[in-house]
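Here's what the structure looks like:
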């Protein structure tokens, strides 16, 4: 899955990069707490993170993504006596990568997750999107 903090640029612009760095740190800790030792959390750049969880079916992946999203939404962030409310948009790939074809499968899942992340942002942000039944990414 790919995760992107909504309107992160405005946090940096309005509160400074020190605040933005703290938001990224707290966000990463939140994701890691939910993923635990079941998977890998990585910062892809800027405010985008990836989560790879081996052997998780799509339903469990969606449930994990929603747990992350709701946790971010419900936990205000305080910076210099100001309360910030954060949201996150998430895109979830459709399946699992096989160890035999890990590179091809992983690349396909990342393209799917990126497509779904874009859909989450386009549809209003603060949501999780998955591949639709019968949908394929070219």
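Numbering (the working numbering), first residue to last: 544 to 681. Ideal Cβ placement from N, Cα and C applies to all residues, glycine included.
Residues that DSSP places opposite residue i in a beta bridge
i: residue 632; result: 547
i: residue 672; result: 634
i: residue 621; result: 626
i: residue 612; result: According to DSSP, which records beta bridges pairwise, residue 612 is partnered with nothing at all.
i: residue 588; result: 591
i: residue 583; result: 595
Terminal residues of the alpha helix (DSSP H) in which residue i lies
i: residue 563; result: 560–578
For residue i, the nearest candidate out of the options (CA to CA)
i: residue 682; options: 606, 578, 587; result: For the chain, the structure presents residues 544 to 681; residue 682 sits outside this window and is missing.
i: residue 637; options: 557, 659, 591; result: 659
i: residue 582; options: 634, 604, 673; result: 604
i: residue 586; options: 602, 600, 567, 555; result: 567
Unbroken beta strand (DSSP E) run spanning residue i, endpoints
i: residue 591; result: 591–595
Inter-residue spacing [alpha-carbon to alpha-carbon] between residue i and residue j
i: residue 675; j: residue 624; result: 42 Å
i: residue 651; j: residue 627; result: 35 Å
i: residue 525; j: residue 647; result: Nothing about residue 525 can be reported from this structure: the residues present for the chain run from 544 to 681 only.
i: residue 669; j: residue 593; result: 16 Å
i: residue 572; j: residue 561; result: 17 Å
i: residue 546; j: residue 580; result: 18 Å
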